[in-house]
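To keep things clear, I will list the structure first and then write my remarks on it.
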Amino acid sequence: MIGLTMDRTELYKRIDARIDNMFTIGWVEEVRVLIDKGYTQDMSSMSALGYRDVASLIRGEIDIGETKRRIRKASRRLVRRQASWFSIDDASINWYEVRDLSITQLHTNVKNWISSI
Numbered sequence: 001m002i003g004l005t006m007d008r009t010e011l012y013k014r015i016d017a018r019i020d021n022m023f024t025i026g027w028v029e030e031v032r033v034l035i036d037k038g039y040t041q042d043m044s045s046m047s048a049l050g051y052r053d054v055a056s057l058i059r060g061e062i063d064i065g066e067t068k069r070r071i072r073k074a075s076r077r078l079v080r081r082q083a084s085w086f087s088i089d090d091a092s093i094n095w096y097e098v099r100d101l102s103i104t105q106l107h108t109n110v111k112n113w114i115s116s117i
């Protein structure tokens, strides 16, 4: 198994930037289309992180700031859960520190690992 890791503070910064970008490139419009097609909040397809919060924004139940706050909080919770599921001390996981490798180096390392199994 392969695991990627990075400093938690840096990871949170990247998560925040990704959330902002998702809103910029049309996340609200995407969810609005789903709602218009009959998707409801109780459907499992709407249970992906943030979708129910964006639906609440569209319905006017919360504002954009609260929406992003909730999504950031849920994202951080997921990071913490994943950290407990996959221990950095687990010898069966080949861990790579993301900041130490370029995407090319990471690709080469993963390719070599796959070839070895």
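The sequence shown begins at 1 in the numbering used here and counts up by one.
C-beta: ideal position from N, C-alpha, C; glycine also.
| Asked | Found |
| --- | --- |
| CB of R70 within 8 Å of CB of D42, strictly | no |
| Rounded Cβ spacing between V31 and Y51 (contact assumed at less than 8 Å) | 6 Å |
| Beta-carbon spacing of M6, N94 below 8 Å | no |
| Three-pair Cβ contact test at 8 Å for the stretch 73-84 versus the stretch 24-39 | no |
| Status (buried if at least 16 other CB within 10 Å, exposed otherwise) for A55 | buried |
| Element boundaries [beta strand (DSSP E), containing E97] | 94-97 |
| K73 at chain B interface by Cβ criterion, 8 Å | Although the question refers to chain B, the structure presented lacks it and comprises just one protein chain. |
| Cutoff 8 Å; reference I19; Cβ partners in own chain excluding five residues on either side | G50, K68, I71, R72, S75 |
| Sheet register partners of T5 (DSSP bridge) | E97 |
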